[in-house]
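Participant: Pasting a structure here, questions to come.
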Amino acid sequence: MKISARNVFDGTVEAVKPGAINSEVDIALPGGMKIVATVTNDSITELGLTAGKAVKALIKASSVLVLADGSGVKLSARNRLEGTISGLIEGPVSTEVAITLPNGYKVYATITHEASVALGLKPGLPATAVFKAPSVILGVSA
Amino acid sequence: MKISARNVFDGTVEAVKPGAINSEVDIALPGGMKIVATVTNDSITELGLTAGKAVKALIKASSVLVLADGSGVKLSARNRLEGTISGLIEGPVSTEVAITLPNGYKVYATITHEASVALGLKPGLPATAVFKAPSVILGVSA
Amino acid sequence: MKISARNVFDGTVEAVKPGAINSEVDIALPGGMKIVATVTNDSITELGLTAGKAVKALIKASSVLVLADGSGVKLSARNRLEGTISGLIEGPVSTEVAITLPNGYKVYATITHEASVALGLKPGLPATAVFKAPSVILGVSA
């Protein structure tokens with residue numbers, strides 16, 4: 001597979017909670033981290049997603065927010081991966097932020113340049129990658 | 001809280017409509033405007049979202065479309081905030097558009113540069129910020 | 001209608017599968033291609049979406065992933081439109097990719113510049129535009 005998603009994480013399905021149209025899938029990553037994905041029930045069947053299954057979680061960089069200071073707030077976004085800023089690529093409108101997680105995974109976020117400046121993002125500072133469950137695409141070996 | 005979302009709006013929960021996995025949350029903004037968010041039921045519980053609760057609605061600029069002329073069409077996107085273009089930052093691929101709402105709030109949208117040119121976007125012109133309910137992240141004071 | 005979505009496709013509703021809050025809408029495009037959209041039940045009612053109805057499917061370029069080689073993997077994303085790369089606009093952070101489909105439609109994807117380089121995207125190469133059902137906004141004539 002060669003795909004443009006900047007974030008492709010290997011994990012294992014922990015649980016599948018079915019709804020009428022969509023299901024919530026809990027995924028364990030190395031190092032005790034977790035990701036929650038919402039996918040259609042058709043995908044659950046087609047990909048054979050059940051507990052224990054090896055799975056790839058794909059998240060577009062544009063779906064990821066960067067939380068520089070989460071004190072005093074609780075967010076509805078199910079996915080929050082805490083790490084350290086390890087890279088910044090600045091453009092006139094957009095900035096790509098790389099956050100390295102304790103397990104060595106890198107999460108990439110594309111945010112506006114103005115947000116990057118307003119938050120004072122710099123390599124070495126702590127930051128949390130935040131994304132919603134419906135932003136996650138799941139993949140399995142064919 | 002310091003977060004990269006360009007759009008962070010203070011509002012009040014008006015109603016919560018539960019589904020099997022997700023709930024729809026109606027939020028009132030100052031000036032009679034409304035936002036609809038879809039979040040997981042787990043978030044409803046965790047954030048204690050009930051009618052009357054103060055809440056922050058976060059929307060990434062990349063989730064927002066700009067409607068320059070909505071005549072002759074009805075869209076499925078639940079959120080449509082009408083205002084006036086108050087700023088444009090142009091890049092080679094992306095353009096950031098700021099739309100000021102009647103209540104003074106600013107909504108930011110990141111769109112393609114080509115779309116910006118094709119629509120003839122200019123400060124002072126009317127425009128509507130359009131985004132889907134699942135694009136909204138909710139936050140409450142911890 | 002004048003809207004910033006780079007992808008606006010004319011199609012016909014084939015089926016509507018209702019859930020508690022959202023419904024899945026199957027849409028036929030010219031040339032035998034299909035799109036699946038997830039929209040709220042309120043939108044189904046408001047837009048009068050039923051089988052046979054003419055509909056526009058709108059997808060932001062930032063919601064589209066580019067799959068350069070899909071061998072060995074199955075993805076949960078419901079929408080996969082196969083075509084040929086017909087244009088690339090490179091920026092420092094983002095790249096806009098145009099993929100021309102067999103029916104003549106063009107799909108635009110905004111991806112990170114680094115992903116574009118890593119995948120070796122070039123005009124003339126085959127590529128698949130991938131996007132999730134909740135990324136699709138539907139429109140009907142008013």
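Chains as they are written, first to last, in UniProt numbering: chain G, 1 to 142; chain Y, 1 to 142; chain V, 1 to 142. Even for Gly, the Cβ is constructed at its ideal location relative to N, Cα and C.
Confirm, please, whether the CB-CB distance from V:Val39 to V:Val130 is below 9 Å.
Facilitator: Not closer than 9 Å, so no.
Participant: When burial is assigned at 16 or more other CB atoms within 10 Å of the CB, is Y:Val97 buried or exposed?
Facilitator: Looking at its Cβ environment, which holds 16 or more other Cβ atoms inside 10 Å, Y:Val97 is buried.
Participant: Say yes only if the C-beta of G:Leu67 is nearer than 8 Å to one or more non-hydrogen atoms of the ligand PLP, and no if none qualify.
Facilitator: This structure simply doesn't include the ligand PLP, nor any ligand for that matter.
Participant: Between which two residues does the beta strand (DSSP E) carrying V:Leu67 extend?
Facilitator: Residues 65-69.
Participant: DSSP on V:Thr50, reduced to helix/strand/coil?
Facilitator: In this structure, V:Thr50 counts as coil in the three-state DSSP scheme.
Participant: For G:Arg80, which residues does DSSP report across the bridge?
Facilitator: G:Arg80 pairs with G:Val130.
Participant: Kindly indicate which residue of V:Gly87, V:Arg78, V:Gly124, V:Ala5 has the alpha-carbon position closest to the one of V:Val25.
Facilitator: Residue V:Arg78 is the option with its Cα nearest to V:Val25.
Participant: Hey, out of G:Leu58, G:Ile99, G:Lys34, whose CA is closest to V:Lys132's CA?
Facilitator: Here the closest residue by C-alpha is G:Leu58.
Participant: Determine whether the beta carbon atoms of G:Thr100 and G:Gly72 lie at a separation below 9 Å.
Facilitator: Against a cut-off of 9 Å, the Cβ pair of G:Gly72 and G:Thr100 comes out as no contact.
Participant: Out of Y:Ala20, Y:Arg6, Y:Leu88, state which residue places its alpha-carbon closest to the alpha-carbon of Y:Ile44.
Facilitator: With distances taken between Cα atoms, Y:Ile44 lies closest to Y:Ala20.
Participant: Which residue's Cα is closest to the Cα of V:Lys56: V:Asn22, V:Gly91, V:Ala5?
Facilitator: Of the listed residues, the one whose Cα sits closest to V:Lys56 is V:Ala5.
Participant: Taking 9 Å as the threshold (beta carbon to beta carbon), is residue 143 of chain Y in contact with chain G?
Facilitator: Outside the shown range of chain Y (1 to 142) lies residue 143 of chain Y, about which nothing can therefore be said.
Participant: In angstroms with no decimal places, state the Cα-to-Cα distance between Y:Ala115 and G:Gly31.
Facilitator: About 42 Å.
Participant: Between V:Ala28, V:Ala68, V:Ala61, which lies nearest to V:Ala15 when the distance is taken from Cα to Cα?
Facilitator: Closest option to V:Ala15, Cα to Cα, is V:Ala28.
Participant: Which partner residues does G:Asp42 have in the DSSP bridge list?
Facilitator: G:Asp42 is not bridged to any residue.
Participant: Identify, in the order they occur along the chain, each residue of the same chain with its Cβ nearer than 6 Å to the Cβ of Y:Asn22, setting aside the five sequence neighbours on each side.
Facilitator: For Y:Asn22, where only same-chain residues beyond five positions count, the Cβ hits under 6 Å are Thr38, Thr40.
Participant: Going by Cα to Cα distance, which pick from Y:Leu119, Y:Arg80, Y:Thr95, Y:Ile85 is closest to V:Ile137?
Facilitator: Taking only the C-alpha atoms, the option nearest V:Ile137 is Y:Arg80.
Participant: For Y:Val140, which residues in the same chain have their Cβ closer than 8 Å to its Cβ, ignoring the five residues on either side in sequence?
Facilitator: Excluding positions up to five away in sequence, the list reads Leu47, Gly48, Leu49, Lys53, Ala54, Val55, Lys56.
Participant: Tell me, to the nearest whole angstrom, how far the beta carbon of G:Val93 is from that of Y:Thr95; I am working on the premise that it is less than 8 Å.
Facilitator: Confirmed, Cβ separation roughly 7 Å.
Participant: Where do the ends of the beta strand (DSSP E) carrying V:Leu119 lie?
Facilitator: Note, V:Leu119: premise wrong, no beta strand (DSSP E); alpha helix (DSSP H) at 113-119.
Participant: Could you list which residues in chain G have their beta carbon closer than 7 Å to that of Y:Tyr105, in chain order?
Facilitator: Those do not exist, as Y:Tyr105 stays about 16 Å from chain G at its closest Cβ, beyond 7 Å.
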